[in-house]
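> Structure incoming, see below.
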Amino acid sequence: MTTAQPGTAVAHYILDKSASRFSVRVFASGMLSALGHSPTIAIRDFTGEANFDPAVPGQALLRVQIRADSLEVTDDMKSKDRKEIESNMNEKILETSKYPTIVFENAQFSADQLGEGRYRVSINGNLSLHGITRPIPITAQLALLGDTCRASGEFSILQSNYAITPFSAVGGGMTVKDELKFTFDIVARKQE
-1 MTTAQPGTAV AHYILDKSAS RFSVRVFASG MLSALGHSPT IAIRDFTGEA NFDPAVPGQA
59 LLRVQIRADS LEVTDDMKSK DRKEIESNMN EKILETSKYP TIVFENAQFS ADQLGEGRYR
119 VSINGNLSLH GITRPIPITA QLALLGDTCR ASGEFSILQS NYAITPFSAV GGGMTVKDEL
179 KFTFDIVARK QE
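When you line the sequence shown up against my numbering, it's residues -1 to 190, in that order.
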């Protein structure tokens, strides 16, 4: 934990999605998985805000909201395959018309200072996805530079924890693994 520094105040940050990257890696399995895709999916439309005071990291607040239908396959593949994967993802897997948003909010936050303006943070929060909210731990690297806050890291979830049945095709010969890996490099700007 960091120690209190005189004159430090809570800063409010707004996520800058144009400078941020947030993606999901999906892994194919099954006998015919070599013929299938293990796509990387970009999360295109998300917003977020955070409050952070290096002197009192345990009081940090973080909230990120994703528009569920903004997920887009980024891999080089046939347009027809991309459209089919995105259609299945929106209509059958995420059911975005019924569950339009995905939300993460922290419950606990701790930070270990690594150097000037650099921290390793542990965030325990709640992820609301597909109508279900579950606790999830995230570890990230956090850097404060002037009016900019940058956080990067990765975490995994199991689709089955959110009542999502992993995608299956070709009579089960090609399926998607239950685990999804999220990678993020988020930039946020200090607000006055």
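We put the CB at the ideal spot given by N, CA and C, even for glycine.
Helix, strand or coil for residue 158? Go by DSSP, reduced to three states.
Taking the sequence shown and counting its residues from 1, the one referred to as residue 158 is at position 160. The answer is helix: DSSP assigns residue 158 an H, G or I state.
> Select from 26, 11, 115 and 41 the residue whose C-alpha is nearest the C-alpha of residue 19.
Mapped onto the sequence shown, residue 19 falls at position 21. Answer by Cα proximity: 41.
> Measuring straight from C-alpha to C-alpha, what distance separates residue 153 and residue 121?
Numbered from 1 along the sequence shown, position 155 holds the residue referred to as residue 153. Numbered from 1 along the sequence shown, position 123 holds the residue referred to as residue 121. Cα-Cα distance, rounded: 11 Å.
> According to DSSP, is residue 37 part of a helix, a strand, or is it coil?
The residue given as residue 37 occupies position 39 in the sequence shown. In this structure, residue 37 counts as coil in the three-state DSSP scheme.
> Measuring alpha carbon to alpha carbon, tell me which residue in 126, 147, 137 and 38 is nearest residue 80.
As a position in the sequence shown, residue 80 is number 82, starting the count at 1. Nearest in C-alpha terms to residue 80, of all of 126, 147, 137 and 38, is 38.
> For residue 195, which residues from the same chain have a beta carbon less than 6 Å from its beta carbon, with the 5 sequence-adjacent residues on both sides left out?
Summary: the structure shown does not reach residue 195, with the chain confined to residues -1 through 190, and so no result is reported for it.
> Are the beta-carbon atoms belonging to residue 132 and residue 185 less than 7 Å from one another?
Here residue 132 corresponds to residue number 134 of the sequence shown, with the count starting at 1. Here residue 185 corresponds to residue number 187 of the sequence shown, with the count starting at 1. In this structure, residue 185 does not lie closer than 7 Å to residue 132 by Cβ.
> State buried or exposed for residue 75, treating a residue as buried only when at least 16 other CB atoms are found within 10 Å of its CB.
Taking the sequence shown and counting its residues from 1, one reaches residue 75 at position 77. Exposed.
> One question on the structure: do residue 127 and residue 22 come within less than 7 Å of each other, judged by their Cβ atoms?
Position 129 of the sequence shown, counted from the first residue, corresponds to residue 127. Position 24 of the sequence shown, counted from the first residue, corresponds to residue 22. Residue 127 is not a Cβ neighbour of residue 22, given a cutoff of 7 Å.
> Would you identify the three-state DSSP class for residue -1, choosing helix, strand or coil?
In the sequence shown, the residue the question calls residue -1 occupies position 1. Since pLDDT at residue -1 reaches only 36, below the 50 mark, its modelled position is unreliable, and the value read off the structure follows with that caveat. Residue state, collapsed to three classes: coil.
> Tell me the DSSP bridge mates of residue 133?
The count along the sequence shown starts at 1 and reaches residue 133 at position 135. Bridge partners of residue 133: 124.
> Any heavy atom of the ligand SAM closer than 6 Å to the Cβ of residue 153?
Ligands in the displayed structure: none, and consequently the ligand SAM is not present.
> Quick one: grab the DSSP three-state call for residue 76.
Position 78 of the sequence shown, counted from the start, is the residue given in the question as residue 76. Note: residue 76 maps to coil in three-state DSSP.
> So residue 188 is in the beta strand (DSSP E); what residue range does that whole segment cover?
As a first step, residue 188 is located in the sequence shown; it is residue number 190 there, counting from the start. Note, residue 188: beta strand (DSSP E), 177 to 189.
> Suppose you measure from the CA of residue 30 to the CA of residue 161; what does that come to, to the nearest Å?
In the sequence shown, residue 30 corresponds to position 32, counting from 1. In the sequence shown, residue 161 corresponds to position 163, counting from 1. For residue 30, the predicted model reports a pLDDT of 42, less than 50, meaning its position is unreliable and no value from the coordinates is stated.
> Roughly how many angstroms lie between the CA atoms of residue 189 and residue 173, to the nearest whole one?
Position 191 of the sequence shown, counted from the first residue, corresponds to residue 189. Position 175 of the sequence shown, counted from the first residue, corresponds to residue 173. Annotation: residue 189 to residue 173 spans about 44 Å, alpha carbon to alpha carbon.
> Over what stretch of residues does the beta strand (DSSP E) that includes residue 110 continue unbroken?
Your numbering for residue 110 matches position 112 in the sequence shown. That run of the beta strand (DSSP E) goes 99 to 113.
> Straight-line CA distance for residue 168 to residue 27?
As a working mapping, residue 168 is identified with position 170 in the sequence shown. As a working mapping, residue 27 is identified with position 29 in the sequence shown. Its pLDDT being 45, under 50, residue 168 is placed unreliably by the model, and the measurement read from it follows with that caveat. Taking the straight line joining both Cα atoms gives about 12 Å.
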